[in-house]
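K.L.:
In our numbering, the protein residues as written are 14 to 259.
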């Protein structure tokens, strides 16, 4: 039985009216391409490249023509991206805390910030008396000018990507790790502030830049360091108890 006269087997759009047979290899290739396309679309939803970068936040925090700036104004400008910029500053201060006793003092703010993050706070609260304290704008700019080159180097490795929509869960976990880091730093342990401070810095950078990979790496590192410190503390306590009589 032949075709009807005038029937070409193609529609008006030029596409074939008959089913096209494809080889299994071609089908697998097409299916793989479709899966990769869908994956790229879903991952693109987690990206938010419009947010200002860390260096821009630091530059904006020191803007102004006045000779002095109150701590309240500085805290409000840094808290525009949540508490992560404040945690980052405290983390860097703990890295350079080489004077005995300073790490204990610098660990206390991390306890407060960790509790605030767990409670869901997005801005730094300061007492009225402390908010009114003034600092010289020129000194603040001199410090930020020295820090900005290092910050821009870090920005080469981080960027907004794969940020989850349910970030409030991330913030609670972030707060727990910051709280644990603060507990460890306040203890008078030689060089005991180094690892917790590095974890806090890595997490803060990830949250400021909305970098899901960097934040996840910081969370994994923070969890590992927490378990390590708990293990060391338990073994130390067991060792000390072995010397007790009875």
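Note that the Cβ used here is the ideal one computed from N, Cα and C, for glycine as well.
What are the boundary residues of the alpha helix (DSSP H) that includes residue 157?
P.N.:
As a first step, residue 157 is located in the chain shown; it is residue number 144 there, counting from the start. Note, residue 157: alpha helix (DSSP H), 150 to 168.
K.L.:
So, are the CB atoms of residue 168 and residue 67 less than 8 Å apart?
P.N.:
By one-based count along the chain shown, residue 168 stands at place 155. By one-based count along the chain shown, residue 67 stands at place 54. In this structure, residue 67 lies closer than 8 Å to residue 168 by Cβ.
K.L.:
Along the chain, where does the alpha helix (DSSP H) that runs through residue 86 open and close?
P.N.:
On the chain shown, position 73 is the one that residue 86 refers to. Looking at the DSSP string, the run of the alpha helix (DSSP H) that includes residue 86 is 84 to 91.
K.L.:
Give the single residue among 192, 69, 229, 250 whose Cα lies nearest to the Cα of residue 123.
P.N.:
In the chain shown, counting from the first residue as 1, residue 123 sits at position 110. Minimum Cα distance to residue 123 is reached at 192.
K.L.:
Kindly indicate which residue of 142, 156, 223 has the alpha-carbon position closest to the one of residue 102.
P.N.:
As a position in the chain shown, residue 102 is number 89, starting the count at 1. For the residues 142, 156, 223, the minimum Cα distance to residue 102 belongs to 156.
K.L.:
With distance defined between alpha-carbon atoms, name the residue in 238, 75, 134 nearest to residue 100.
P.N.:
Within the chain shown, the letter at position 87 stands for residue 100. Considering only alpha carbons, the answer is 134.
K.L.:
So, residue 75 versus residue 153, is the Cβ gap smaller than 8 Å?
P.N.:
Looking up residue 75 in the chain shown gives position 62. Looking up residue 153 in the chain shown gives position 140. Cβ atoms of residue 75 and residue 153: closer than 8 Å.
K.L.:
Does the region 172 to 185 come within contact of the region 221 to 233, defined as at least 3 CB pairs closer than 8 Å?
P.N.:
In short, these stretches touch, since the Cβ pair count reaches three.
K.L.:
With H, G and I counted as helix, E and B as strand and the rest as coil, what does DSSP make of residue 36?
P.N.:
In the chain shown, the residue the question calls residue 36 occupies position 23. In this structure, residue 36 counts as coil in the three-state DSSP scheme.
K.L.:
In the DSSP output, which residue or residues are listed as bridge partners for residue 174?
P.N.:
Translated into positions along the chain shown, residue 174 becomes position 161. For residue 174, which the question treats as bridged, DSSP gives the partners 224.
K.L.:
Under 8 Å by Cβ, that's how I've got residue 161 and residue 71 pegged, so tell me the actual separation to the nearest angstrom.
P.N.:
The residue labelled residue 161 in the question sits at position 148 within the chain shown. The residue labelled residue 71 in the question sits at position 58 within the chain shown. Sure, about 6 Å apart at Cβ, within 8 Å.
K.L.:
Measuring alpha carbon to alpha carbon, tell me which residue in 96, 42, 138 is nearest residue 187.
P.N.:
Here residue 187 refers to the residue found at position 174 when the chain shown is read from its first residue. Taking only the C-alpha atoms, the option nearest residue 187 is 96.
K.L.:
Sort 234, 200, 199 by Cα distance to residue 213 and report the nearest one.
P.N.:
Here residue 213 corresponds to residue number 200 of the chain shown, with the count starting at 1. Of 234, 200, 199, the residue nearest in Cα terms is 234.
K.L.:
Specify the secondary structure class of residue 75 as computed by DSSP and reduced to three states.
P.N.:
On the chain shown, position 62 is the one that residue 75 refers to. Reduced to three states, the DSSP call for residue 75 is coil.
K.L.:
Rounding to the nearest angstrom, what Cα-Cα distance links residue 215 and residue 151 in this structure?
P.N.:
In the chain shown, residue 215 corresponds to position 202, counting from 1. In the chain shown, residue 151 corresponds to position 138, counting from 1. Near 28 Å, if we compare the C-alpha coordinates of residue 151 and residue 215.
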